[in-house]
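Chains as they are written, first to last, in this note's numbering: chain A, 1283 to 1542; chain B, 1283 to 1542; chain C, 131 to 433; chain D, 131 to 433. What follows is a single structure, written as structure tokens, with notes after it.
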Amino acid sequence: MSDLMQTFPIRKIIEHGPGVKSFYFDQTFEVQAGQFINLWIPGVDEKPFSVSHIQDGQIEISVKAYGPFTHRLMQSQPGQLLGIRGPFGHGFTLKDRGLLIGGGIGIAPLRLLARQLHERGLHFVSLLGAVSRHEIIFADEFERLGTCYFTTDDGSKGKKGFVTEDVAAIIETEQIKQVYAAGPEIMFVKLKAILDTLHVPYEFCMERYMKCGIGICGQCVLDDSGIRVCVEGPVLNQDDLQDVTELGMMHRNASGKRSI
Amino acid sequence: MSDLMQTFPIRKIIEHGPGVKSFYFDQTFEVQAGQFINLWIPGVDEKPFSVSHIQDGQIEISVKAYGPFTHRLMQSQPGQLLGIRGPFGHGFTLKDRGLLIGGGIGIAPLRLLARQLHERGLHFVSLLGAVSRHEIIFADEFERLGTCYFTTDDGSKGKKGFVTEDVAAIIETEQIKQVYAAGPEIMFVKLKAILDTLHVPYEFCMERYMKCGIGICGQCVLDDSGIRVCVEGPVLNQDDLQDVTELGMMHRNASGKRSI
Amino acid sequence: MTRFLGLKPDSLLVLASGILGLTASSLKRVIDFGAGAVTTKSFNLEVRKGHKAPSIIPFKNGVLNAVGLSNPGVQEMALEIEKFKKRCDAPLFASVFGRTIEEYGEVIQQLIDRVQPDLIEINVSCPNVRSEFGTPFGDSLDDTARVTEIAKKYAGKIPVSVKLGPHGPGIGRLARVCEDNGADAITAINTVGPGMLIDINVMKPVLSNKTGGVSGPAILPIAVKSVYEVFEHVSIPIIGTGGVTGTEDAIQMILAGATLIGIGTAVYYEGIEVFAKINRGITEYLQKHGRTSIEEIRGKAHE
Amino acid sequence: MTRFLGLKPDSLLVLASGILGLTASSLKRVIDFGAGAVTTKSFNLEVRKGHKAPSIIPFKNGVLNAVGLSNPGVQEMALEIEKFKKRCDAPLFASVFGRTIEEYGEVIQQLIDRVQPDLIEINVSCPNVRSEFGTPFGDSLDDTARVTEIAKKYAGKIPVSVKLGPHGPGIGRLARVCEDNGADAITAINTVGPGMLIDINVMKPVLSNKTGGVSGPAILPIAVKSVYEVFEHVSIPIIGTGGVTGTEDAIQMILAGATLIGIGTAVYYEGIEVFAKINRGITEYLQKHGRTSIEEIRGKAHE
Ligand SMILES: Cc1cc2nc3c(=O)[nH]c(=O)nc-3n(C[C@H](O)[C@H](O)[C@H](O)COP(=O)(O)OP(=O)(O)OC[C@H]3O[C@@H](n4cnc5c(N)ncnc54)[C@H](O)[C@@H]3O)c2cc1C
Ligand SMILES: Cc1cc2nc3c(=O)[nH]c(=O)nc-3n(C[C@H](O)[C@H](O)[C@H](O)COP(=O)(O)OP(=O)(O)OC[C@H]3O[C@@H](n4cnc5c(N)ncnc54)[C@H](O)[C@@H]3O)c2cc1C
Ligand SMILES: Cc1cc2nc3c(=O)[nH]c(=O)nc-3n(C[C@H](O)[C@H](O)[C@H](O)COP(=O)(O)O)c2cc1C
Ligand SMILES: Cc1cc2nc3c(=O)[nH]c(=O)nc-3n(C[C@H](O)[C@H](O)[C@H](O)COP(=O)(O)O)c2cc1C
Ligand code: FES
Ligand code: FES
Chain A
1283 MSDLMQTFPI
1293 RKIIEHGPGV
1303 KSFYFDQTFE
1313 VQAGQFINLW
1323 IPGVDEKPFS
1333 VSHIQDGQIE
1343 ISVKAYGPFT
1353 HRLMQSQPGQ
1363 LLGIRGPFGH
1373 GFTLKDRGLL
1383 IGGGIGIAPL
1393 RLLARQLHER
1403 GLHFVSLLGA
1413 VSRHEIIFAD
1423 EFERLGTCYF
1433 TTDDGSKGKK
1443 GFVTEDVAAI
1453 IETEQIKQVY
1463 AAGPEIMFVK
1473 LKAILDTLHV
1483 PYEFCMERYM
1493 KCGIGICGQC
1503 VLDDSGIRVC
1513 VEGPVLNQDD
1523 LQDVTELGMM
1533 HRNASGKRSI
Chain B
1283 MSDLMQTFPI
1293 RKIIEHGPGV
1303 KSFYFDQTFE
1313 VQAGQFINLW
1323 IPGVDEKPFS
1333 VSHIQDGQIE
1343 ISVKAYGPFT
1353 HRLMQSQPGQ
1363 LLGIRGPFGH
1373 GFTLKDRGLL
1383 IGGGIGIAPL
1393 RLLARQLHER
1403 GLHFVSLLGA
1413 VSRHEIIFAD
1423 EFERLGTCYF
1433 TTDDGSKGKK
1443 GFVTEDVAAI
1453 IETEQIKQVY
1463 AAGPEIMFVK
1473 LKAILDTLHV
1483 PYEFCMERYM
1493 KCGIGICGQC
1503 VLDDSGIRVC
1513 VEGPVLNQDD
1523 LQDVTELGMM
1533 HRNASGKRSI
Chain C
131 MTRFLGLKPD
141 SLLVLASGIL
151 GLTASSLKRV
161 IDFGAGAVTT
171 KSFNLEVRKG
181 HKAPSIIPFK
191 NGVLNAVGLS
201 NPGVQEMALE
211 IEKFKKRCDA
221 PLFASVFGRT
231 IEEYGEVIQQ
241 LIDRVQPDLI
251 EINVSCPNVR
261 SEFGTPFGDS
271 LDDTARVTEI
281 AKKYAGKIPV
291 SVKLGPHGPG
301 IGRLARVCED
311 NGADAITAIN
321 TVGPGMLIDI
331 NVMKPVLSNK
341 TGGVSGPAIL
351 PIAVKSVYEV
361 FEHVSIPIIG
371 TGGVTGTEDA
381 IQMILAGATL
391 IGIGTAVYYE
401 GIEVFAKINR
411 GITEYLQKHG
421 RTSIEEIRGK
431 AHE
Chain D
131 MTRFLGLKPD
141 SLLVLASGIL
151 GLTASSLKRV
161 IDFGAGAVTT
171 KSFNLEVRKG
181 HKAPSIIPFK
191 NGVLNAVGLS
201 NPGVQEMALE
211 IEKFKKRCDA
221 PLFASVFGRT
231 IEEYGEVIQQ
241 LIDRVQPDLI
251 EINVSCPNVR
261 SEFGTPFGDS
271 LDDTARVTEI
281 AKKYAGKIPV
291 SVKLGPHGPG
301 IGRLARVCED
311 NGADAITAIN
321 TVGPGMLIDI
331 NVMKPVLSNK
341 TGGVSGPAIL
351 PIAVKSVYEV
361 FEHVSIPIIG
371 TGGVTGTEDA
381 IQMILAGATL
391 IGIGTAVYYE
401 GIEVFAKINR
411 GITEYLQKHG
421 RTSIEEIRGK
431 AHE
């Protein structure tokens, strides 16, 4: 694979839940869980997405309909050509006794992480949360690979509430040595507070508005550290995040101006 | 080494005979006997020269004063920086029972050939000619490596006459299987006639006016074959020379116009 | 230590405009990695989203970009510059542009009402804005003269560098016009072209804007030649920019006549480490050639 | 088989001017290696030695050249063209230039008095002659119009292609002016820049002429964009030239709107084999995309 733009046909599309679809492409590169690619709909736009799975020579991208780009993507058909650049950035480091914490579509990169941990025989536990039962995607896959805890806002699966509420307890019971998280930024804010207190090392898969993916435009840079999410991230650990002052706050949109 | 221009200090200069000097540079590339480099005197001009020797990590270029460039070169001093690009083209193939025929400064590429044949334990005989005794450069080196025949126009060393006169006889006595020649083009014309009749394979190290050295300017191309001396040559064999109609005739100068 | 318009940057390498230049944190990090000075992304009065992605795309020998001068506007950038100045002593160059000649004056006014950059760089040469504003001001001697004049007027005692491209009526003549109108320095060059990349499977241009400026290794010889030409036409200092990714490239710029060296796309090819690497390389080069200062070789290729 | 101005070259690849274009033998060999047509080196009335060496020098991402339009003059070139025509049926394009606008007419006159090339290519865009003759004619809309007009007048029924560069007042507008004045085709582009390389040890420009035009991979995006722009401005066919070294590059040119594709510096990077290689690549590409003819995708990137 490379940073140069190349186009590939969509091999298969599978719908996973309300507004979530997976797109499959021939695998032409190796990828660490947490790394992302830039997906180009020719003539439309280009946006970053995590690789959520690799199997049978295909890579899988799992997308949640959100705004204009992702809605357009939902309408695409197998055989259609999309541009792929990447993989970009640094992924998760694979350690034993991990706790994987995922919220919403953030579960996508954790799915590949779970697979890679499992393949290396590393033990882990998952804690997945969403608004409701239907939005917890890939639940069965995580369950097949190890212990799973669930939380939903409406209590329709697992415990009613947020993933952050039970983290301390799970770390204790499951003798967790490493936390991996991906999901909405507000989740990171709460997790960071808990984990810093418990002194458990962690890696968060961050999202920021991206333009170049190759570390030059400055669009994805974090205050105050100056770290580029597209190069040094998207997976950042407790040390990388030490000097980040903007966690959960406004960050930059396409103009570079701060917004929520 | 590379096609890109790089500059190197002259490490040493040795005078070999009237108007012939050798220039030594650190060896930064491998070279086959017969290949050439382009030598740039910054601010002056750039001209092609064969590598005449490699020893103790240095390459040697042996130059005869001729016109403006070579006269300027004679004035340069050790330590001075010259540009070198190359090596370019194809050199001699190393075969057993060779006859090396050199005229004048054409002896230079044969010197490296003799060395390389010797190193591989291949048997060869040399036939070197010049105007007079003083102009046969490197005679002792050739003599040290094997049987040597000499001819001079004035008879001051070896036989009086031209190298071409004794070729057939030497091929017979020495059981020659391959002829290698370098020298004035008129020598090639005569040799070709003799060798084609005897059906002895040969390789000539050709000279043509050169500009690019990288096969694009077309300056060094031979009629009617279209062969480029800088890429397919400078060493060409009996097959390459089959369709060459311009041997010993006018060839192209800097403008591309034909002249002698 | 280098001297440039009364400034004394720790290195003669400057981060070029548009690269990691949106925020104080980003600019500061580049200084930590060895840059002597940093240039902000070009900004103007408005908040501009720029072109859709792909807007920055590597090709075999360089990078094509058409970000479309996206920027958060002068107010936000002034805040970032202020933040930078609080955290860091290194010189900061503010790059500005305008959709009209008058806007150059206004944006400078609004900027220096809030914060004092060490230099104001006037971007008249971005090839991407052609379709939007007609040809760049930098393609016209007259427009370049007027923009320079107005920039100088509003910049007051803050020095002004005009950033030129290799296109238009000749960069030497353009530089002369800038000098005549009071410019304190010339930045040469902006991106080249523009160029286009077409995906042969979907049969469409890859950049959303279709065309984009070329930067990176592909343009080095054009940049070196531009600096050489500017040096022959003016006596104000030059920030030599374009395709520098290593020490040898940087030295070429100096020999051509540059006082400072802009580093942009090299951050993609070599990482932010490129600043430290070239700093080290220049020191070694000077030692090897028995020189005590870079001043001794500046413009040497003209001799 | 491709159709181009009534010609039917066996391949849409044309040897570009200045590459292996001095003699019949050389041009013939390039045809044998798979070119559909060949262009001679540009020549004029005089015999020109050109600049001293180094005059052609590779750099990291391309080649810099300042051969200085060396050529053996129209008389000698006419002989070579005649020889070529005797030995080979493939179309031959004669590239001519003049030191004055009138000389373009004279050289064409003297040429066609002796021999009939299949097309006359008018070189108005060589960036190397700047210092000698002032700026290239191709930097001026008026000069380009006049040269085209005079060339058409003298060329009679032999078609004329004007070779343009990416510089000057915009290649689209230049092409329009050529079409308006009767040009039958446009060749786009000549070399870019010019550029300069400085040796950092001897501290001198490497080219004897100091500056030279940039060709090869570095300029591909600029060439593609130029062809794309010309295609939007005129309806005459385009010989798309610049930086093409492989099949993908060639297809980009076609999608941008080229009818034939010029191949120059690729001969250095890929050998003369490059013609056969790209011919094969294009056939494979058409098969893969279920197309029966290249015509079906010409200019497709404009849709
Ligand atoms: C490293 C990374 C990995 C991601 N992985 C996934 C994934 O696996 N699955 C998935 O569904 N989504 C993923 N996203 C988010 C995805 O990029 C956005 O959902 C998408 O860009 C939204 O575009 P839109 O036009 O549909 O919505 P918009 O309405 O344009 O935006 C919706 C949200 O997406 C963000 N966004 C928009 N454009 C960008 C951009 N260029 N770069 C980054 N964020 C942007 C906005 O800030 C906003 O929060 C990832 C983002 C990043 C940065
Ligand atoms: C492959 C090759 C290997 C050579 N090896 C040697 C060598 O080992 N030692 C040596 O002394 N000479 C060698 N020469 C010849 C050397 O290049 C010329 O002697 C030199 O170029 C003369 O330049 P000048 O200015 O001194 O003389 P000029 O008066 O310019 O020319 C004298 C002769 O050299 C030829 N010549 C001039 N310029 C060139 C050029 N650019 N390319 C090719 N020929 C040119 C002329 O045709 C003429 O016959 C070699 C030439 C070639 C092509
Ligand atoms: C992604 C990107 C964005 C750029 N944005 C600007 C800009 O806003 N203003 C400007 O004057 N130059 C801009 N440039 C041009 C650079 O400052 C620089 O002049 C050019 O890229 C050549 O230098 P380089 O090869 O070192 O990148 C941009 C270049 C790139 C690659
Ligand atoms: C060594 C060299 C000589 C050239 N001479 C000419 C010339 O005489 N006339 C001309 O119109 N173009 C000349 N060109 C330009 C080429 O024809 C072509 O337009 C340019 O090199 C871009 O194509 P490329 O990247 O495929 O080489 C020359 C190019 C090179 C590299
Ligand atoms: S997206 Fe451009 S620097 Fe990260
Ligand atoms: S010297 Fe240019 S082709 Fe041989």
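Where a beta carbon is used, it is the ideal one built from N, C-alpha and C, also for glycine. Computed from a predicted structure; not experimentally measured.
- Using a 10 angstroms sphere on the CB of C:Gly420, the tally of other CB atoms stays under 16, which defines it as exposed.
- Of the candidates A:Glu1297, A:Glu1447, A:Thr1455, A:Glu1417, A:Thr1455 places its Cα closest to the Cα of A:Thr1429.
- Around the beta carbon of A:Leu1286, fewer than 16 other beta carbons sit within 10 angstroms, so the residue counts as exposed.
- Residue burial is scored here from C-beta neighbours: A:Asp1378 has fewer than 16 other C-beta atoms within 10 angstroms and is therefore classed as exposed.
- Collapsing the DSSP output to three states places A:Met1531 in coil.
- Non-local beta-carbon contacts of D:Ser291 in its own chain, meaning distances under 8 Å to residues more than five positions away in sequence, involve Phe223, Leu249, Ile250, Glu251, Ile252, Ala313, Asp314, Ala315, Ile316, Thr317, Ile369 in chain order.
- When Cβ-Cβ separations below 7 Å define contact, C:Thr341 makes contact with chain D.
- If you draw a straight line from the Cα of A:Phe1374 to the Cα of C:Phe405, it comes to about 28 Å.
- Per DSSP, reduced to three states, the secondary structure at D:Ile161 is helical.
- Taking 6 Å as the cut-off, one finds at least one heavy atom of ligand 5 near enough to the beta carbon of A:Gly1495.
- It is roughly 11 Å from the alpha-carbon of C:Phe361 to the alpha-carbon of C:Arg303.
- Annotation for C:Val357 indicates a beta carbon at 6 Å or more from all heavy atoms of ligand 3.
- For a cut-off of 8 Å, the C-beta gap from A:Leu1381 to A:Ile1458 is around 4 Å, short enough to register as a contact.
- Within 6 Å of the C-beta of C:Asn253 there is at least one heavy atom belonging to ligand 3.
- Within 6 Å of the C-beta of A:Thr1352 there is at least one heavy atom belonging to ligand 1.
- Against chain D, the CB of C:Leu142 has no partner CB under 7 Å away; the residue lies outside that interface.
- Linking B:Ala1451 to B:Glu1485 through their CA atoms gives a straight-line distance of about 19 Å.
- Against A:Cys1512, chain C offers no close residue; the least beta-carbon distance is about 11 Å (beta-carbon pairs closer than 7 Å).
- B:Leu1529 and D:Glu378 have their C-alpha atoms spaced approximately 41 Å apart.
- By a beta-carbon distance limit of 8 Å, D:Phe163 contacts D:Ile402. Their separation comes to about 4 Å.
- Out of C:Glu425, C:Ile408, C:Tyr399, the CA that lies nearest to the CA of C:Ala386 is found in C:Glu425.
- In this structure, B:Glu1417 has its beta carbon at no less than 6 Å from each heavy atom of ligand 2.
- The closest CA to that of C:Ala167, considering only C:Phe227, C:Leu209, C:Lys215, C:Glu206, is found on C:Lys215.
- Between the alpha carbons of C:Tyr284 and C:Gln240 lies a gap of roughly 10 Å.
- Using a cutoff of 6 Å, the CB of C:Asn195 counts as near ligand 3, since one of the ligand's heavy atoms is closer than that.
- Relative to the Cα of D:Ser156, the nearest Cα in the group B:Leu1404, B:Arg1510, B:Phe1432 belongs to B:Arg1510.
- The Cβ atoms of C:Ser345 and C:Thr395 sit closer than 7 Å to each other.
- With a threshold of 7 Å between beta carbons, C:Lys407 makes no contact with chain A.
- Spatial neighbours of A:Val1471 in its own chain (CB-CB distance under 8 Å, excluding positions within 5 residues in sequence) are listed in chain order as Leu1529, Gly1530.
- At a beta-carbon threshold of 7 Å, the residues of chain A lying near C:Asn331 are Thr1289, Leu1363, ordered along the chain.
- At least one heavy atom of ligand 5 lies closer than 6 Å to the C-beta of A:Cys1502.
- For D:Cys308, same chain residues with a beta-carbon under 7 Å away, outside a window of 5 residues either side, are Thr274, Thr278, Val292, Ile316 in chain order.
- Taking a Cβ-Cβ cut-off of 7 Å, the neighbours of D:Glu378 in chain C comprise Ile330, given in sequence order.
- Separation of B:Val1302 and B:Gly1339 (C-alpha to C-alpha, rounded to the nearest whole angstrom) is 22 Å.
- The beta carbons of D:Leu137 and D:Gly325 sit about 34 Å from each other, so the pair does not count as a contact at 8 Å.
- Listed in chain order, the positions of the stretch 179-208 of chain C with a beta carbon within less than 9 Å of a beta carbon of chain A are Lys179, Gly180, Lys182, Ala183, Pro184, Ser185, Ile186, Ile187, Pro188, Phe189, Lys190, Val193, Asn195, Val197, Ser200, Asn201, Pro202, Gly203, Glu206, Met207.
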